[in-house]
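Enquirer:
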Amino acid sequence: MDEGFIPYQQSLEDEEQSIKSTQSVIEQAIAWFRAHSMFVLAYGTGCGAIEMPPTFTSRYDIERLGVVGVATPRQADILIVSGYCSPKTLKRVIRSYEQMSEPKYIIGLGSCTINGGMYWDSYNTIKKLDDFLPVDMYVNGCMPRPEALIEGFVKLQEKIRANSSEAGYIQYRTRYAHYRANQERLFGTQVQPRYEENFAGMNL
Amino acid sequence: MMSYLEEHYELIHKTPRLFALHVTREQLLDTLHQITTHTSFDTLSQLTCTDWIEEERFELGYMLTNALRSHNLMLKCSIARDKVTMPSLALLFAQAEVMERELHEMFGIGFEGNETLYDFALEGWCDIPPMRREFDTLAYVNAHYDFREGREDNLDVKEEIKKRKAAAKSAKETPSGA
Amino acid sequence: MLLLDLLLMLLIAYGFGFLYYGLYRNLSARVHGRFGPSLAQSFSDSIKLFVKEESTTFGWMFYLGPVIMASGAVLNVLFIPFLNQGESLQGLSSYGNLIVVLYLMVLGPLGNALGVGSSGNPFGVMGVTRGLTRLLALELPFYLAAIGVMIDAGSADFGIIMQAQSTQSNMFAHPLLFAAAFISFLGFMGKSPFDVVGAPQEVYSGPATEFSGKFLALLMSQSAMFSFAKLLLMVNLFWGGADHLGELVAKTFVLFVAATFIGSVYARFSTVQSVEFLIRIPTLLGIVGLALL
């Protein structure tokens, strides 16, 4: 596999070309606006939450990219799962994610969300976040610095602009049975109400 | 304050600022009451538990701190691993309630008189309590969680370190030999 | 012709409202020593929210709340003339006067209270209660100043009020009334130190907590248009209005920047403090100003 900056740049440009060819002008415009206005749910699960506030401060100033923190899942576009996640926390994370309105995206922050990190043999943390929720972007590191998080946001912007059918929230609808089975296996008797039932009887 | 303790109990001097004394399960409440009324050790700052699985007992440590926060006194109380109930201190110290709740969850120790012994950090836990030493963490993790497969180029860390050390050694030896 | 005029007024209010909101975020970022978002950030936010789905429903009253607020803001824009001369950009000002506008300014918060109340969210209700409490105190000095201006011009009509200022603007003729109205205006703009309604550390998003998607976008749009209407009102009452669009933009811009900088450097009052402050100082200024007329 070729590595280095030039082939990488080439791949980005190719992606740009393919977006332009498949989408109409209006779709491209809407995707651009979505990519430049990302509301992040102000919620932290693990120690990664320590690295999130500095990202909003004067030194790193992520508001440049259009990222703002909001206090309620109803208004949020992006959920950052910041670090290790115990089953008890995961229940709350899933509830928050299901309350968010589409389109919605998840960033997994830190090694713990990828493979358990330093908690790989802990009885009380999950090892693979994407078994339970569709993750759109992983930022690895323990802990990732704010620069890494900003890089993650920039990559996510590219992904949002691509507007592909592989986006997490679409997968959560189409492959809900898979995610639900994993959640039920972990939580046992104490499961959440089903995602579809949350919307039963509502004519949205 | 030390004189009262020296007079009435067999005090063990661990460090200049830390003392310990052994009590039985039946003596615990009475001793605590006496100490808090007659000395300035009036705060329960920690409640710990050690699992001595070879001797078939738990050792609970009630850590008392004085008003100046300068000295600590630990009351050690051994109980059998199979008959695991203790009197609750919730009436003496309000903070004991949540400490006891944690020990109940992590070691399965019952506390008579504590009303809050339900799920704390572990929701819906149905295995043996995880801090008991017979609990096999790795087996539990293997049974309940999936691991992500490593990368294709992943290497065994221990073997790789050995190999590299050997390579460095031989590289060092070759020039000196030649 | 009138319809075209009204549409143009709404477009100007929408565009400049959002531009000023973007400017507000940018300027306060500069005060904090950051670069801040681009000027078009508020447009991106609002368009994104308009194409986002909304996830909650609490019955028809919940949906009606933002609509009542938006209609209050739109009517406010339409009843205040943009220019002090000529035929264009006068809107419905020949059918209404200052008293109608003052009445319409209260419509929005009441609509908000109805909508948020039906959601039952405690933070929303807390925000609305704070807003209405503050409104009581805000109205007093502003009405005093408006009454002074009306007495001075001998009419409640915007055209006559602006004509009366052709030699000397009310800001210099009646500085005490202007001071009272300006402090109250800061509160109406929702800037520090009077931003008790959506105080993020206290009541999360306040009244907007339960709103998502299109309704949040509607709330944002109406708030941008409403703040432009308030800027217009201040310019018309105290700075003699504007002869042409360029002057209007310049005057509202200066007023807006003043409000932004004051908002950037002051810490927030608590609800009780803001009510006490508004009832004491600006009200006193207003009463003295009225007595000196």
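Residue numbers (the working numbering), protein chains in the order written: chain A, 347 to 550; chain B, 870 to 1047; chain C, 3 to 295. Note that the Cβ used here is the ideal one computed from N, Cα and C, for glycine as well. Predicted, not measured: the structure shown is a model, and the values here were computed from it.
Cβ atoms of Phe927(B) and Cys918(B): under 7 Å apart, would you say?
Expert: Yes, they are a contact pair.
Enquirer: Where does Ile283(C) sit, in a helix, a strand or coil, going by DSSP?
Expert: Helix at Ile283(C).
Enquirer: Hey, how far is the Cα of Met347(A) from the Cα of Tyr16(C)?
Expert: In this prediction, Met347(A) scores a pLDDT of 38, lower than 50, which makes its location untrustworthy; no coordinate-derived value is stated.
Enquirer: Is the beta carbon of Leu188(C) less than 7 Å from the beta carbon of Ala115(C)?
Expert: For Leu188(C) and Ala115(C), no; Cβs fall outside 7 Å.
Enquirer: Quick check: Tyr430(A) and Tyr1009(B), are their CB atoms within less than 7 Å of each other?
Expert: Taking 7 Å as the Cβ cut-off, Tyr430(A) and Tyr1009(B) do not qualify as a contacting pair.
Enquirer: Grouping DSSP H, G and I as helix and E and B as strand, with all else coil, what is Gln369(A)?
Expert: Gln369(A): coil per DSSP, three-state reduction.
Enquirer: Below 8 Å on the Cβ atoms is my guess for Pro302(C) versus Ala201(C); work out the distance and round it to an integer in Å.
Expert: Examination of residue 302(C) is not possible in this model, given that chain C is present from 3 through 295 alone.
Enquirer: In terms of DSSP beta bridges, what is Gly979(B) paired with?
Expert: Beta-bridge pairing links Gly979(B) to Thr954(B).
Enquirer: So, at 6 Å on beta carbons, what are the nonlocal neighbours of Ser121(C) in its own chain, with the 5 sequence-adjacent residues on each side left out?
Expert: Excluding sequence neighbours, Ser121(C) sits near Phe60, Phe64, Glu212.
Enquirer: Where does Met871(B) land, buried or exposed, given buried means 16+ other C-beta within 10 angstroms?
Expert: Exposed, by the Cβ-count rule.
Enquirer: Using 8 Å for Cβ pairs, my map puts Asp1015(B) next to Lys473(A). What's the rounded Cβ distance?
Expert: That pair is a contact at about 6 Å.
Enquirer: Suppose the cutoff is 6 Å on Cβ atoms and the five residues either side in sequence are ignored; what does the same chain contact list for Pro2(C) look like?
Expert: There is simply no residue 2(C) to check, as chain C begins at 3 and stops at 295 in what is shown.
Enquirer: Does chain A have any CB closer than 7 Å to the CB of Glu204(C)?
Expert: No, Glu204(C) does not count as interfacial toward chain A.
Enquirer: On the criterion of 16 or more Cβ atoms from any shown chain inside 10 Å, does Ile424(A) qualify as buried, or is it exposed?
Expert: When all chains shown are included, Ile424(A) counts as buried.
Enquirer: Alpha carbons only, please: which of Arg36(C), Ser157(C), Phe52(C), Leu85(C) is nearest the one belonging to Ile101(C)?
Expert: Answer by Cα proximity: Ser157(C).
Enquirer: Measuring CB atoms only, is the stretch 972-986 of chain B touching the stretch 954-961 of chain B, in the sense that at least three cross pairs come out at less than 8 Å?
Expert: Short answer: they touch.
Enquirer: In angstroms, rounded to a whole number, what distance separates the CA positions of Leu109(C) and Gly67(C)?
Expert: Cα to Cα, the separation comes out at about 11 Å.
Enquirer: My parser needs the beta strand (DSSP E) runs of 3 or more residues fully inside the stretch 123-190 of chain C; what are they?
Expert: For the stretch 123-190 of chain C, not a single whole beta strand (DSSP E) run of length 3 or above is found.
Enquirer: Please confirm whether Met347(A) has its beta-carbon closer than 7 Å to some beta-carbon of chain B.
Expert: The pLDDT assigned to Met347(A) is 38, lower than 50, so where the model puts this residue is not dependable, and the model offers no usable value.
Enquirer: Nearest chain B C-beta to Asp467(A) closer than 7 Å, yes or no?
Expert: Yes, Asp467(A) lies at the interface with chain B (some Cβ there is under 7 Å from its Cβ).
Enquirer: Let me confirm a value: Gly19(C) is counted as buried when at least 16 other C-beta atoms fall within 10 Å, else exposed. Which label applies?
Expert: By the 10 Å Cβ count, Gly19(C) comes out buried.
Enquirer: Any beta-carbon of chain C closer than 7 Å to the one on Met548(A)?
Expert: Reliability of the predicted coordinates at Met548(A) is poor, the pLDDT of 47 falling under 50, and no value is obtained from them.
Enquirer: When the cut-off is 7 Å and only beta carbons count, does Leu1007(B) lie next to chain A?
Expert: Closer than 7 Å: yes.
Enquirer: Per DSSP, what kind of secondary structure is Ile14(C) in: helix, strand or coil?
Expert: In the structure shown, Ile14(C) sits in a helix (DSSP, three-state: H, G or I).
Enquirer: Just to make sure I have the definition right: I need the residues of chain C whose C-beta is within less than 8 Å of the C-beta of Ser447(A). Which are they?
Expert: Those are Lys54, Glu55, Glu56, Ser57, Ser214, Gly215, listed as they occur along chain C.
Enquirer: Are there three or more Cβ pairs, one per stretch, closer than 8 Å when the stretch 402-413 of chain A is compared with the stretch 28-37 of chain C?
Expert: Touching, yes, given that three or more Cβ pairs across the two stretches are closer than 8 Å.
Enquirer: Select from Val416(A), Ser383(A), Cys393(A), Leu387(A) the residue whose C-alpha is nearest the C-alpha of Ser46(C).
Expert: Measuring from the Cα of Ser46(C), the nearest candidate turns out to be Ser383(A).
Enquirer: When Cβ atoms are compared, which residues of the stretch 28-39 of chain C fall closer than 8 Å to chain A?
Expert: Against chain A - using a Cβ distance shorter than 8 Å - the residues of the stretch 28-39 of chain C are Ala31, His34, Gly35, Arg36, Phe37, Gly38, Pro39.
Enquirer: Under three-state DSSP, which class holds Ala28(C)?
Expert: Rather than Ala, the amino acid found at residue 28(C) in this sequence is Asn. Asn28(C): helix per DSSP, three-state reduction.
Enquirer: Could you check whether Thr391(A) and Thr418(A) sit closer than 7 Å to each other, using their CB atoms as the reference points?
Expert: No. Outside cutoff.
Enquirer: Anyone know if the C-beta pair for Leu85(C) and Leu91(C) falls short of 7 Å?
Expert: Cβ atoms of Leu85(C) and Leu91(C): closer than 7 Å.
Enquirer: Classify Lys1034(B) as buried or exposed, calling it buried when 16 or more other Cβ atoms lie within 10 Å of its own Cβ.
Expert: Result: exposed.
Enquirer: DSSP puts Asp920(B) in a beta bridge; with which residues?
Expert: According to DSSP, Asp920(B) bridges with Phe927(B).
Enquirer: Suppose only complete runs of 3+ residues qualify. What are the beta strand (DSSP E) ranges in the stretch 428-501 of chain A, listed by chain order?
Expert: Runs of the beta strand (DSSP E) inside the stretch 428-501 of chain A: 451-455, 483-485.
Enquirer: What three-state label does DSSP hand Leu961(B) in the structure shown?
Expert: Three-state result, Leu961(B): coil.
Enquirer: Cβ of Tyr987(B) less than 7 Å from any chain A Cβ?
Expert: Judged by the 7 Å Cβ criterion, Tyr987(B) is not in contact with chain A.
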